[in-house]
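Notes for the one structure printed next.
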Amino acid sequence: MSDIAPAIPPLSRHAAARDYRGRGPEERLIERTTLPQVLAGIPAHGGPSLTWYEAERRVLHFDAAELPRQVRALAHWFARGHGITRGDRVIVLSANSPEAFATHLALMSLGAVTVPVSNTESPRVLQLIADKVTPRLVVTGREVSAELLAARPGGMVALPALPLAADGDAGFEWPARDVMPDEPAVILFTSGTTSAPKGVCLSHYNLLVNAEGLARVHDLARRRVHMCVLPLFHANAFGFSMVASLYAGSHVVLSAGLPGAAVWDILRTERVDVISLVPEIIRVLSRMPVPRDTLPDLKYVTSAAAPLPKTVAREFVDRTGIPIHQGYGLSECVNFAATIPWDAPDADLERSMGHWAVPSIGPALFGCDIDIRRADGSPAGAEEEGEIVVTGHTLMRGYWDAEDATGAALGEGALRTGDLGFFALVGGERYIFVTGRKKEIVIRYGENLSPLAIEAELEALRAVGRFAVTGFPNEAAGEEIGLYLVVPRTPDNERKVLDAVKACSVRYRPRVVLFGADPIPATPTGKVKRAVLAQRFQSYAKRNFGSEPVVGP
Numbered sequence: 038m039s040d041i042a043p044a045i046p047p048l049s050r051h052a053a054a055r056d057y058r059g060r061g062p063e064e065r066l067i068e069r070t071t072l073p074q075v076l077a078g079i080p081a082h083g084g085p086s087l088t089w090y091e092a093e094r095r096v097l098h099f100d101a102a103e104l105p106r107q108v109r110a111l112a113h114w115f116a117r118g119h120g121i122t123r124g125d126r127v128i129v130l131s132a133n134s135p136e137a138f139a140t141h142l143a144l145m146s147l148g149a150v151t152v153p154v155s156n157t158e159s160p161r162v163l164q165l166i167a168d169k170v171t172p173r174l175v176v177t178g179r180e181v182s183a184e185l186l187a188a189r190p191g192g193m194v195a196l197p198a199l200p201l202a203a204d205g206d207a208g209f210e211w212p213a214r215d216v217m218p219d220e221p222a223v224i225l226f227t228s229g230t231t232s233a234p235k236g237v238c239l240s241h242y243n244l245l246v247n248a249e250g251l252a253r254v255h256d257l258a259r260r261r262v263h264m265c266v267l268p269l270f271h272a273n274a275f276g277f278s279m280v281a282s283l284y285a286g287s288h289v290v291l292s293a294g295l296p297g298a299a300v301w302d303i304l305r306t307e308r309v310d311v312i313s314l315v316p317e318i319i320r321v322l323s324r325m326p327v328p329r330d331t332l333p334d335l336k337y338v339t340s341a342a343a344p345l346p347k348t349v350a351r352e353f354v355d356r357t358g359i360p361i362h363q364g365y366g367l368s369e370c371v372n373f374a375a376t377i378p379w380d381a382p383d384a385d386l387e388r389s390m391g392h393w394a395v396p397s398i399g400p401a402l403f404g405c406d407i408d409i410r411r412a413d414g415s416p417a418g419a420e421e422e423g424e425i426v427v428t429g430h431t432l433m434r435g436y437w438d439a440e441d442a443t444g445a446a447l448g449e450g451a452l453r454t455g456d457l458g459f460f461a462l463v464g465g466e467r468y469i470f471v472t473g474r475k476k477e478i479v480i481r482y483g484e485n486l487s488p489l490a491i492e493a494e495l496e497a498l499r500a501v502g503r504f505a506v507t508g509f510p511n512e513a514a515g516e517e518i519g520l521y522l523v524v525p526r527t528p529d530n531e532r533k534v535l536d537a538v539k540a541c542s543v544r545y546r547p548r549v550v551l552f553g554a555d556p557i558p559a560t561p562t563g564k565v566k567r568a569v570l571a572q573r574f575q576s577y578a579k580r581n582f583g584s585e586p587v588v589g590p
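Just so you know, we're using the working numbering here: the sequence shown kicks off at 38 and counts up by one.
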C-alpha cells in the first residue's frame with residue numbers, strides 16, 4: 038500500500054468537487070461501501086448470476102452460489118500463485134469473457150487494483166500504461182492481439198479458463214476484510230488531450246455510490262437481467278453491466294460484442310430487461326429490427342458513450358417499437374452521471390428526446406450533481422449553453438500519478454468535463470442536454486481517442502512531411518479519423534503513407550487519407566485547428582469504412 042499514497046491526492050485536496058448536497062464523501066450515502074462487502078453479501082440462492090454467450094451459443098452459466106466460488110478460486114490463484122495483495126496493480130488484457138469478468142472482481146476482492154486494457158490496444162500505449170501503474174502482474178485473456186502478446190511488457194501470464202475447481206485452502210481468507218471504502222479499486226485509462234493516456238483511479242466507494250444511483254434510476258430491484266455487449270475495459274460496461282449488476286443482485290448475460298441478429302433471440306430467451314448500448318449499435322440494430330411486441334421484458338434500451346443523433350433514435354424506435362433512454366457520463370465519475378429514469382412518463386420521454394435539437398441525457402444520477410457554467414464560471418440559466426460540470430461522491434480519487442492533471446480537472450470545485458450543454462425543465466425536473474464539446478477528442482464508435490495519441494502512432498510519417506489528424510462527422514461511426522498530409526500525392530509518397538497507416542493499430546488507424554498543398558490550419562502558436570481541418574473530410578460523412586484506409590482525391 039505504500040506506493041499508492043503518492044500516486045493519488047488525499048480526498049481533502051479537492052473536497053469541494055466531491056461534495057454532494059452538503060455532504061462530503063466521508064458522510065457515506067450507502068451501507069455497502071467496498072466490493073468485498075458486496076461479494077460477501079451475495080445470497081447463496083440458485084438463481085442465475087452470469088451467463089456467457091459465444092455468438093448465438095450459450096456456453097457457460099453460473100448461479101448466484103457458483104459465481105462467488107469462481108471469483109474466490111481466481112482470487113486464490115492470484116494471491117497464492119502470484120503473490121498479489123492489497124494495493125498491487127494488475128493489468129488485465131482481454132476481450133469480454135467470463136474469465137475477465139471474474140478476474141476484475143477477484144482482484145478487487147483482494148484489495149488489489151485492476152487495470153483493464155483493451156485487447157487491441159497498441160503496444161506503445163500499453164507500455165505507457167505499464168510505466169505509469171508499475172503493475173505487479175500483466176494477465177491475458179481472450180482475443181488479445183498478436184502485437185500485444187509480442188510486446189510482453191514485463192512478461193504476461195495467461196488467465197486460467199473457467200470453471201475452476203474449488204481451491205480447497207481453508208486458511209485463505211476471502212474476501213479481504215481490511216479494504217477501506219476510499220482505497221483504489223480500478224484504474225480506467227482514458228484518452229485525454231495529450232498523447233499520454235490518463236489513468237482514472239476510482240475507489241470502491243466511487244463504484245458503489247454509482248451502482249446505487251443506477252439501481253435507483255433503472256429500478257434494478259425488479260429489472261434483474263442485464264445483457265452486456267460493450268467491452269468491460271470501458272467505464273460503461275465495467276461500472277454498469279458488472280459492478281452495478283453485482284450490487285443489485287442481477288443476472289448478467291455476457292457476450293464479446295454484438296452477436297448480430299441473434300441478439301434478439303438471446304434477449305428473448307434470457308428475458309433480458311436491461312441492456313446498455315452505444316449509438317452505433319443502435320443504428321445497426323435498427324437495420325435488423327425485431328418483430329414488435331416479441332420482447333415483452335425489454336421496456337427500453339439505454340444509450341451512452343457518444344451523442345445519440347435524433348435520426349438514429351427515431352429510426353430505431355420506429356422500426357422496433359423499443360424506447361431509448363439516453364445517458365451521459367465519464368470515467369472520471371465512474372460512468373453515468375445522468376440518464377432518463379425508468380419511470381419517466383411517456384410524454385416527458387417524448388419531449389426530452391424530440392422537442393430540442395438534441396435528445397436529453399436526463400437528470401443527474403443519485404450521488405452526483407450536474408451544473409452548467411458560463412465561461413466566467415457563473416451558473417448558466419435555463420436553455421443557456423455552457424460547460425457541463427459534475428460534483429459529488431462518484432468523482433474519481435484522481436488521475437494516477439498525475440497530480441497536475443487532477444488539479445486541472447477538479448481544482449475549480451467541480452469536474453470540468455469539456456462538454457457543452459444546457460438544462461431545461463421537463464416534468465418539473467432539470468434535464469440536461471449535450472450540444473457539443475470543447476475538447477478535441479474523437480469519439481469513434483463510442484470510444485474516446487485523442488488526436489495526439491493517433492499522431493503518436495503515426496510518428497514514422499514525420500519523415501514524409503507535415504501531417505495532422507482530426508475527427509470528422511460520419512453517420513456510421515459518429516466520428517471517423519482523417520489524416521491530412523501537406524505533401525504531393527505521388528506513388529512513392531502514397532506507398533510510404535499507407536505502409537505507416539496499415540502498421541498502425543486498428544484502434545487508431547485513420548480511415549481517410551488526404552494529400553494536399555494547402556497548409557494545416559493552425560493558431561498563431563501552432564495549435565492545429567482540428568474543427569477547420571475536419572471540413573476537408575465532409576464528403577466522407579455518409580461513407581461506411583472497413584479496416585483499410587481510403588485515399589482521397
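For every residue, glycine included, the Cβ atom is placed at its ideal position computed from N, Cα and C.
* To do: Measure the Cβ-Cβ separation of R567 and T507 and say whether it is below 7 Å.
  => One thing to note: R567 has its Cβ within 7 Å of the Cβ of T507.
* Asked: Smallest Cα separation from A285: which of T376, E249, E494?
  -> E249
* **T71 classed as buried or exposed, judged by whether at least 16 other C-beta atoms fall within 10 angstroms** => buried
* Asked: Run through DSSP, which three-state label would Y577 get?
  -> It is helical.
* Where the beta strand (DSSP E) containing K235 begins and where it ends -> 235-240
* **Contained beta strand (DSSP E) runs [length at least 3] in the region 331-397, N- to C-terminal order** => 338-340, 361-366, 373-376
* Asked: Within the chosen definition, does the region 478-485 reach the region 390-404 through at least 3 CB pairs nearer than 8 Å?
  -> no
* **G615 - containing alpha helix (DSSP H), residue span** => As shown, the chain starts at 38 and ends at 590. That puts residue 615 outside it, with no answer to give.
* Asked: Assuming K332 contacts R351 under a Cβ cut-off of 8 Å, what Cβ separation, rounded to an integer in Å, is found between them?
  -> A small fix is needed here, since residue 332 is Leu in this sequence, not Lys. The Cβ separation is near 19 Å, so there is no contact.
* To do: Identify, in the order they occur along the chain, each residue of the same chain with its Cβ nearer than 6 Å to the Cβ of P135, setting aside the five sequence neighbours on each side.
  => W89, L97, L199
* Asked: In chain order, what residues of the same chain have a beta carbon less than 8 Å from the beta carbon of A578, not counting five sequence neighbours either side?
  -> F509, P510, N511, E512
* Asked: Which residues in the same chain as S415 place their Cβ atom closer than 7 Å to its Cβ, once the five residues preceding and following it in sequence are excluded?
  -> Hits under 7 Å: none found.
* Asked: Using DSSP with H/G/I as helix, E/B as strand and the rest coil, what is M145?
  -> helix
* For P73, which of I67, E63, V194, P212 has the nearest alpha-carbon? -> When each option's Cα is compared against that of P73, the closest is P212.
* To do: Round the Cβ separation of W301 and V321 to the nearest angstrom and send it over; I've been treating them as touching at under 8 Å.
  => That belief does not hold up - the Cβ atoms of W301 and V321 are roughly 12 Å apart, past 8 Å.
* Hey, how far is the Cα of V75 from the Cα of A202? -> 23 Å
* Asked: If you draw a straight line from the C-alpha of H255 to the C-alpha of D408, how long is it?
  -> 22 Å
* Asked: Who does H288 pair with in a DSSP beta bridge?
  -> Beta-bridge pairing links H288 to V262.
* **DSSP state of H98 mapped onto helix, strand, coil** => H98: strand per DSSP, three-state reduction.
* So what does F459 bridge to, in DSSP terms? -> F470
* **Neighbourhood of A293 by C-beta, 6 Å cutoff - its chain only, sequence neighbours within 5 removed** => A132, N133
* Where the alpha helix (DSSP H) containing S323 begins and where it ends -> 316-323
* To do: Examine the Cβ distances between the region 234-245 and the region 256-264 and report whether three or more of them are shorter than 8 Å.
  => no
* Consult DSSP for D408 and reduce its assignment to one of helix, strand or coil. => strand
* Does DSSP put A202 in a helix, in a strand, or in coil? -> The answer is coil: DSSP assigns A202 none of H, G, I, E or B.
* Asked: Between V154 and F226, which are expected to be in contact by the criterion C-beta below 8 Å, what is the C-beta distance as a whole number of angstroms?
  -> Rounded to whole angstroms, the Cβ separation of V154 and F226 is 7 Å, and the two are in contact under 8 Å.
* E585 versus V538: straight-line alpha-carbon distance, rounded -> 9 Å
* Would the region 272-281 and the region 156-164 be scored as touching if the rule is three or more Cβ pairs under 8 Å? -> Contact fails: fewer than three Cβ-Cβ distances are below 8 Å.
* Other residues of its chain near T231: CB distance less than 6 Å, five sequence neighbours each side excluded -> For T231, the pLDDT reaches just 48, beneath the cut-off of 50, and the residue's location in the model is therefore unreliable, leaving the point undetermined.
* Asked: Looking at the structure shown, is L48 part of a helix, part of a strand, or coil, going by DSSP?
  -> helix
* To do: On the DSSP bridge assignment, give the partners of L87 in chain order.
  => F99, V289
* From this set, V569, R546, P378, which residue's C-alpha is nearest V587's C-alpha? -> R546
* Own chain residues within Cβ distance below 6 Å of A514, not counting five before or after -> R481, Y482
* Asked: Which first and last residues belong to the alpha helix (DSSP H) in which G444 is found?
  -> 440-447
* **Straight-line Cα distance separating N530 from L570** => Our two residues, L570 and N530, have alpha carbons roughly 21 Å apart in a direct line.
* Proximity below 7 Å, CB of P105 to CB of I128 -> no
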